[in-house]
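If you read the sequence shown in this note's numbering, its first letter stands for residue 1, the second for the next number, and so on. Everything on this sheet refers to the single structure shown next.
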Amino acid sequence: MTFCIGFEHWRYGFGFHLIEFSRMADPSFEPGSPGESVIKLGCVIDRGLRESRVVDTESLCILSGKLVWAIRVDLHILDNGGNLIDAANIVALAGLLTFRRPKCSLGGENGQEVIIHPPEDRKREPVW
Numbered sequence: 001m002t003f004c005i006g007f008e009h010w011r012y013g014f015g016f017h018l019i020e021f022s023r024m025a026d027p028s029f030e031p032g033s034p035g036e037s038v039i040k041l042g043c044v045i046d047r048g049l050r051e052s053r054v055v056d057t058e059s060l061c062i063l064s065g066k067l068v069w070a071i072r073v074d075l076h077i078l079d080n081g082g083n084l085i086d087a088a089n090i091v092a093l094a095g096l097l098t099f100r101r102p103k104c105s106l107g108g109e110n111g112q113e114v115i116i117h118p119p120e121d122r123k124r125e126p127v128w
């Protein structure tokens, strides 16, 4: 999870996905630029997570118009035994439901400095 410096209209955090098909999963997978199946799988997962609203994107805003959290979901396909869409959706959802983002607050002289608190000081917050 990383900070993103945003534009003035940013009030919501966002997520993006990286899907990697391994040749170990299926010899037909070619290394290099993503093929049609990788792009289609990424679109289905992205649409499913966005439309289900499993992530509260408004809570990912740190400072409206300035800073938001960005969530990245990496999926590495190791076995193509079938039904990749369901398996990838379940794994992405499980990862998001167990993830806890660090608690942060604003401070400093002008109240614009982001302070990320260590987990020992404050309990981490879920993204859902």
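Just so it is clear, CB atoms sit at the ideal spot from N, CA and C, and this is done for glycine as well.
Cβ neighbours of V44 within its own chain (closer than 7 Å, five residues either side excluded): I85.
Annotated three-state conformation of G32 is coil, per DSSP. The straight-line gap separating the alpha-carbon atoms of I116 and I77 is approximately 33 Å. Just so you know, the alpha carbons of N80 and L97 end up roughly 24 Å apart. By the beta-carbon neighbour count (other beta carbons within 10 angstroms, threshold 16), I90 is exposed. Collapsing the DSSP output to three states places V54 in coil. Proximity to S52 across A92, G35, A70, I39 peaks at A92, based on C-alpha coordinates.
Between L49 and I19, the C-beta spacing is not below 8 Å. For L97, no beta strand (DSSP E) encloses it; the enclosing alpha helix (DSSP H) starts and ends at 84 to 98. Around the beta-carbon of F16, fewer than 16 other beta-carbon atoms lie within 10 Å, marking it exposed. Residue environment analysis places I62 among the buried positions, since at least 16 neighbouring C-beta atoms fall within 10 angstroms of its C-beta. Leaving aside the five residues that flank S28 on each side, none in its chain has a CB nearer than 7 Å to its CB. Judged by DSSP in its simplified three-state form, V68 adopts strand.
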